[in-house]
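Numbering-wise, numbering that gives the first Met the number 0 puts 191 at position 192 of the sequence shown, and it's gapless, one number per residue.
Don't be surprised by glycine CBs; every beta carbon is placed ideally from N, CA and C.
Computed from a predicted structure; not experimentally measured.
See structure below.
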Amino acid sequence: MKAKSVYTITGLYVGIMLLSYIYTYYMRGIRYGSDGFLASEFPFLLVLAGITIAYVIKNRATLQLKTFLPIDKRYFLALFIPLLLVIIAYWFEHFQLNETFFITLFATLLVGIGEELLFRRILLVYFLEKMPLQKAVVLSGLCFGGFHAINIFAGSGFGQVVYQVILTSIMGMLYGYLYIFTRKISWCIVSHGLWDYIAISVSKQFHPLFSGLLFLQNILEIVLVLLMARRVKQLLQEQHTTNQTELTKE
């Protein structure tokens with residue numbers, strides 16, 4: 000995969016996102032997280048999802064995830080099942096089938112599509128060609144977190160942006176490992192989109208119970224990152240031992 004191509008699609012994505020923030024915040028006066036923000040961003044999110052899908056389809060021959068790690072879906076299920084239960088519980092309390100529901104749900108799914116395709120399906124795969132697995136996951140996660148620093152241009156406060164960068168860096172590593180262990184980018188997209196959906200929904204209707212549940216979900220994400228990192232380290236050591244044994248036999 001050519002570096003210029005990867006950097007071009009990344010720069011284009013960031014540029015369009017930044018342009019959307021300038022339009023929504025500076026031209027329309029709608030701050031990040033405010034009512035109407037996702038509706039204003041929706042056309043841009045649609046474009047971003049479209050260009051990343053087109054890029055992946057066009058370059059699918061070179062965008063091959065190459066890893067010897069075995070498929071292990073348990074980590075994904077450990078993340079997704081609690082998330083789904085929180086969403087269902089939230090719907091029992093606050094579900095309203097209206098325009099806001101559809102805009103929030105579809106906008107966050109578009110975010111999941113665009114960001115997972117760019118940072119996991121494209122950038123992570125590219126980094127895996129250039130460096131060891133653990134470094135590739137960490138770097139792609141840091142890129143994902145750093146990308147969210149542009150939220151400062153959408154009206155987010157400095158402290159809020161710092162928190163978002165830290166949290167999304169961890170989530171970037173989480174979804175990087177999940178993609179490697181599941182080989183299913185679609186699963187990462189759905190999980191990412193639903194997380195954004197419930198996080199935005201709860202922030203608009205503050206409820207101590209659901210805020211607490213989301214905090215616990217964040218703790219779970221950190222634990223899963225550590226568990227998957229340890230598992231990868233074990234598998235790499237086993238692979239190294241096997242290779243050394245085979246060399247000795249020869």
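Residue i lies in the alpha helix (DSSP H); which residues open and close that run?
i    : result
P69  : That residue, P69, is in no alpha helix (DSSP H); it is neither H nor E in DSSP.
S139 : 132–146
I151 : Neither: I151 is in no alpha helix (DSSP H) and is coded neither H nor E.
L45  : 36–57
I121 : Note, I121: premise wrong, no alpha helix (DSSP H); not H, not E.
A60  : Segment: none, A60 is in no alpha helix (DSSP H) and carries neither H nor E.
Q159 : 157–181
I24  : The sequence as given places Tyr at residue 24; Ile does not occur at that position. Looking at the DSSP string, Y24 is not in any alpha helix (DSSP H), and its letter there is neither H nor E.
K3   : 2–20
F100 : 98–115
I188 : 184–203
Since I believe residue j is in contact with residue i (beta carbons under 8 Å), could you give me their beta-carbon distance rounded to a whole number of angstroms?
i    : j    : result
I21  : L62  : Not really, about 31 Å apart at Cβ, beyond 8 Å.
A106 : E40  : 7 Å
L64  : R182 : 6 Å
S262 : L78  : Look at the range of the chain in this structure, 0 to 249, and you will see that residue 262 is not part of it.
Going by Cα to Cα distance, which pick from the options is closest to residue i?
i    : options                : result
S139 : A106, E115, F209, Y12  : E115
Q238 : V85, Q95, F67          : F67
L212 : A77, Y89, I70          : Y89
T51  : S19, I151, L64, S4     : S4
G144 : A77, M130, V161        : V161
F152 : K232, S190, V137, R30  : R30
A2   : Q95, N58, K183, L82    : N58
M227 : V189, D71, I218, A106  : D71
L82  : H206, D195, L225       : D195
L141 : F157, L166, Y125       : L166
G156 : G10, I8, G32, L18      : G32
L109 : Q236, I8, L17, G192    : G192
L17  : F100, Y178, F180, G154 : G154
A48  : H206, I218, I188       : I188
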